[in-house]
Each structure stands twice: as C-alpha cells, then as structure tokens.
Amino acid sequence: MCGIAGFCSFDGDRKRNIEKMKARMLHRGPDAGGSYFSEDGQVTLGHRRLSIVDLSENGAQPMTSHSGRYVITYNGEIYNYKKLSDRLLSEGKISAFRGTSDTEVLLESFEAYGIEETLAFCKGMFAICLYDRKEQCLYLMRDRIGEKPLYYGMVGRSFVFASDIGCISVLDGFDNPINREVLDLYFIHGYIPAPYSIYEKIYKLEAGTFAKIKLPFNNMDDVTVKPYWSVAEAAKKGQANLFKGSRKEAADELERLLKESIAEQMVADVPVGAFLSAGIDSSTIVALMQDLNKGKVKSFTIGMDEEGYNEATYAKEIAQHLGTEHTELYITEADARAVVPKLSEMFGEPFADSSQIPTYLVSKMTREHVTVSLSGDAGDELFCGYTSYASVERIWNKMKGVPYFIRKPCSELVIHSPLAKKPIYRIKGTLLGAKGPSDLYICSYETDPLTKQISLTKGNCSYKYSEYDPHFLEETNHNIMLMDMEMYHPDDILVKVDRTAMAVSLETRVPMLDRDVVEFAWTLPIDYLREGKRGKLVLRDVLYRYVPEEMMERPKKGFSIPVEKWLRSGELRDWAETLLNEKTIREQGILNADVVKKIWSDFTEKGEWRIQIWYILMFQDFMAHRFI
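The sequence shown begins at 1 in our numbering and counts up one residue at a time.
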C-alpha cells in the first residue's frame, strides 16, 4: 500500500510542490518516498511507500523500466504477480529482474504486453500512473472494483492526480470551488459517488477504467477514459451462464475460489492478520485463513459496553473455536470523540458513514500488531445479504400489479397532501412512484423532499447506473445487488476502509473482491443466495464447514456505534452545535440555514433525521478544515 501523486504542465516550483503532495500523504507510505522529474519539465511524479513485498531499495518508486521508456508510480498489490513474472521470463520478454517486487513485474509487463492485456491478466487492487516517454503520454489506471483511490483533474492550467484529494488541495494556486452540483447526491447518500468529487474540475477515476493523457497537456480534451472491465457486464454474463450444479457443488467451488484468493492475499514480507466482526463474512475469511495457515492467524475486533452495539463476545467465541490469536479492544464515547476531529483530513472530502469511527479504531489497534489485514467486505453485495434486498422485492411484488400511470399520480397526491407531514406517509408516497425495482431502491433513499432542500443549489448530477434498464438483470435482487456493487460498495464501503486504515498505515485486502470470486458470484441462481429474509445461503454453507451453525445464527448488529445518542446528550453535542452555527452557515452560502436548523431541532427533540444530521455535520466539518 502506498500513495501516488503528480502533475503535468505545472507552472510553479515542481520540487517544492511534489514534496508538499508527498507530505500530505505520508500516512499512506511512511517507509520511503521518491520523485521523478522529466527532463523536458512536462511530468513530475511522486510516491510514498508502505513496504509490503520486497522491502529492499529494489522496490523503490517511481521506477523506470529496463529500457528506460516507461516510468511508474503505483499504489496497491498485484496478487498474481508471480505468474506474470514467470510468463515474462518464459517468453523471453526479460532476462532477469532487479528485485522481487510486484512493481517491477507490472512495469515490465506494460512494456511487453501493453496496457489492456496487462490489466486483463492482473488480479489485485491498484491505482497506477504510467508515463510513456516515447509516446509522450500519461496513463492512469484503477482496479476493477475500486479498492484503491485515484483522483485527477485540473488545477489552474495543470493536469494533476493523487491517491488523496487532500494532496491536490495543497498545490500552489489551488482555488477550485466547491462542486455544488454534487451536494444533492451527497445529502442523499452520505458520500460523493464517482466520477464526481467535492471540487469542480477534480474527478475520481472510476473502477475498472484507465485514462490516457496526451502531452503536452492543454485541457481536459486531452484526457480520454476507457473501461477495461465492468461489474455490470460481469453480472450480465454470469446471469446468462448460470451455475448448473447443486448448491453443495456451488459451495465447493466458492470455497475453492476463496481459498485461492486468500492464499494469494496472505503473501507479504510483513505480518498479516484479519478483522473479525463475528458476522458471516469476516468469520468465513478468518476460518479459511486459519485452515490454510500452519500457525495461528491474528484476528482483531472491537467492542463496546453499549447495549445493542457489542459483538465482541461473539467474535471471541468464534476466534476460540477457530484457534486464532485474538485481540480485542473495548471503546468508549471518549475514544470515539477523539477520532471525530481527524475525519475531515482523513477523507479529504465530505464522507458520512458513521461506521468510519469504529473502522478507524479497529484499524489503529490492528496496526499495532500487523501491517496487513484481510477483511470480509463485499459478502452482502455479492451474496444477497442485506435485508433491504428482501424488502424491496416484497414491496415491488405488491406494487407491480398496479400500472405506473395509475401509481404515479397517486404518489404525487400522497406526497403533497397533509398526510405527508407524517414520515410513514412520505415514505409510502415516494415509493409508490417507483417505475421498477431498481427505481424503488433509489427512491428508498429519497423519501423526504426536505433532503433535497439542504443544499441551496439544486444539482443535476446523475447516478452512474441511471443508463441501465430497470430490468437489466432478470431477478429483482440481482439488479439491486448490481447497483450496490457499482456505487455503494466502491464509493462508501471501500472508501471508508481505505481511508481509515491508511490513516494508520495499515494495508487492507478484500479476498471476496478477487476477480474470479466476483465473476463466479454472478453465476449463482437467486435461490442459492436467498430464501425469504435469509441471505448469503451459499456463503453460509462454506462457513458452517468450519463454525457450528448455532454459533452464527443470531440477529445481525452491524458495525456501528450509538453516534445519534452521543450527539443528543453526550460530548459530541457541543461539537455539533459549533458546526451548525446559523451565522456561519448563512455566511458560507452553501446550505439552507433554515432547513439545517429544522433538522437539528427535530433530531434533538424527536430523534428524527438521525442519518441526515451526520451528513450535515460531516459536510460542515469539512468546510471548517478544508484549507488547514
């Protein structure tokens, strides 16, 4: 895990500015740093290194290819790099490597096979910048699902890129305005989906794509973005070629693929462990890790004494059953409060999934013992785990018998009637106007018009999946799983894990996001995934080979903290009221101060808007710290 940054056609002091960018992402790579300056003054590249594989200087970056044609700065891991290395050697593309790093193998593969063939071969997580000195162009590349971040765009007349948007904001001459057009999306979801960012002219490179930048750079017309893999196409292909075997055979294949992925992801020259939250997903990963490992796997969890939020006792039972070396930490309100001032710098733009706090705390504790941690993320999205999936299907089955041309005016009637003063009728009215199951899922986020009044600017940014037919896949559940894999998972879950873990220089790896696992998951029939409200059937089948079913069958609590309670009556209330100062909000001229005031009042007095108030607070905290 590392951090990358750079710029082209920069008018200022190249050395001083690349050092500023590298300093801003020191946490992403505390072990070493390097820079590259092209002779013609066009290109400047920077790198911060967290050494995982080949700890020697042979893995230092930016790295130049043997021929001298290419220069790379790269963040991530290529898990099958040894196979790629063997291929390069056996085909005579290279006679010998200088070291044993995946960086060198990746670099020489680009020279030997080109961009698209190399990307098609690689399994891993990555954000890459490759400078082609011969063709005078720059390439930016991002992994299939979006595990590693990569921002790019313009500052003044210069092209810039970085792993951390904060690296871009420290550049001389940075004055890009807040992108008000994306605020509606932010206040609905609590994050800003790719390709947008909080700043105008700064973008997120979308998962599964690469960008080519022609040099010398003049404007964004010199940038072309092209997909090399798509989760939507993987889903469509998988559903067209459904798995034909029994559910047991599906579990056998899933277990094989997960073990293969875990074995590849456990390779490192530093200590490796795993998060264990006591849920199906992380328990499966830890169980398979322990089965593959000769020694005791190091597992980590956090808990709290707050009733309804503690799964640490269950995690401990699972760890004892599996025989891991288990470490747990119980956190308090004071621990959480201490994290809050760090969040804006950690994320660089507004981000409001409140589980960011416990994720940071478990990462911090884990980093005291290991440098790499595997996680169970993606189990819900790939194996139909969220209860909301069953809810959407149940509601849609009741609605679909009534034609849309009848439901739509009824929806408008309810929304604009006195009944809408009650939340339950606002929700029902909004959902009634959905065109299909996918639209119903989107509408479930937008059940109150007040949400779209928080920002003074009405945005026109569209959802990335809006181009898809609501019946893109035959099954309702598969359609909404795909929607989550396209936006919620990369733009919320993976952002949360990357930023919180990298804040303490911990590399996280996600075995379920292995290309082969993902593509196999989409071939599974829906009845191998869900039965009534019970999801992740085939994943459970794998887990129950290692952990007794009765140990796992309990209500899911999720990975959360009682932040709304702390905001209403605890230490966080003073912090919140400072950020929500009416005079400050009016002077900023971005949010509707009257709406914010109402939401805060309803929250403190009646407990309403508990999600939206955190969204507003994280935005205001970003505004308070964005130039620090």
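Cβ coordinates follow ideal geometry from the N, Cα and C atoms, glycine included. Values in this document were obtained by computation on a predicted structure and should not be read as measured data.
- Shown here for residue 250: same chain residues with a beta carbon closer than 7 Å to its own, the five before and five after excluded, namely 243, 524, 528 and 538 in chain order.
- Taking the Cβ atoms as the reference, residue 338 lies roughly 19 Å from residue 328, outside the contact range of under 8 Å.
- Separation of the CB atoms of residue 4 and residue 309 is rounded to 37 Å, and the pair is thereby denied contact status at 8 Å.
- With a cutoff of 9 Å on beta-carbon distance, residue 47 and residue 29 are scored as near each other.
- The three-state reading of DSSP puts residue 368 in coil, since its state is none of H, G, I, E or B.
- Under the three-state reduction of DSSP, residue 105 is assigned to helix.
- The three-state secondary structure of residue 171, taken from DSSP, is coil.
- Taking the Cα positions, residue 481 is about 7 Å away from residue 382.
- The beta-carbon separation of residue 506 and residue 371, rounded to 7 Å, stays under the 8 Å limit for a contact.
- The C-beta distance from residue 433 to residue 407 rounds to 6 Å, short enough to fall under 8 Å.
- Counting along the chain, the unbroken beta strand (DSSP E) around residue 158 starts and ends at 158-162.
- Its chain contains 6, 7, 14, 18 and 37 as the residues whose beta carbon lies nearer than 6 Å to that of residue 44, once the 5 sequence neighbours on both sides are disregarded; these appear in chain order.
- Per the coordinates, the alpha-carbon of residue 520 lies some 8 Å from the alpha-carbon of residue 254.
- For the pair residue 205 and residue 498, the Cα-to-Cα distance works out to about 16 Å.
- Look at residue 75 here: in three-state DSSP terms it is strand.
- Assigned with DSSP and collapsed to three states, residue 326 falls in strand.
- Two segments are said to touch when three or more pairs of C-beta atoms, one from each, lie closer than 8 Å; by this definition the segment 291-311 touches the segment 345-365.
- About 13 Å separates the beta carbons of residue 318 and residue 289, which is beyond the 8 Å limit, so they are not a contact pair.
- Looking at the DSSP output, residue 590 shares a beta bridge with no other residue.
- If you draw a straight line from the Cα of residue 97 to the Cα of residue 105, it comes to about 8 Å.
- When the five nearest sequence neighbours on each side are left out, the beta carbons in the same chain lying within less than 6 Å of the beta carbon of residue 20 are those of 170, in order along the chain.
- In the DSSP assignment, residue 127 falls within the unbroken beta strand (DSSP E) covering 124-132.
- 9 Å or more divides the Cβ of residue 129 from the Cβ of residue 22.
- For the pair residue 351 and residue 452, the CB atoms are not nearer than the 9 Å cut-off.
- Residue 617 has its alpha-carbon roughly 31 Å from the corresponding atom of residue 125.
- In its chain, beyond the 5 residues on either side, 208 and 209 have a beta carbon closer than 6 Å to the beta carbon of residue 227.
- Less than 9 Å divides the Cβ of residue 70 from the Cβ of residue 110.
- By the CB criterion at 9 Å, residue 611 and residue 567 fall outside the cutoff.
- Listed in chain order, the non-local C-beta contacts of residue 306 below 7 Å within the same chain comprise 562, local neighbours out to five positions each way being set aside.
- Close CB contacts of residue 503 within its chain, under the 6 Å cut and outside five residues either way in sequence, are with 27 and 346 (chain order).
- Within the segment 238-297, complete beta strand (DSSP E) segments of at least 3 residues are found at 272-275, given in chain order.
- Residues 69, 70, 138 and 139 of the same chain have their beta carbon placed closer than 8 Å to that of residue 132, with the five preceding and five following residues left out of the count.
- Between residue 148 and residue 75, the C-beta spacing is below 9 Å.
- Annotated three-state conformation of residue 395 is helix, per DSSP.
- Judged by beta-carbon spacing, residue 386 lies within the 9 Å limit of residue 484, meaning their Cβ atoms are closer than that value.
- Bounds of the beta strand (DSSP E) holding residue 202 are 202-204.
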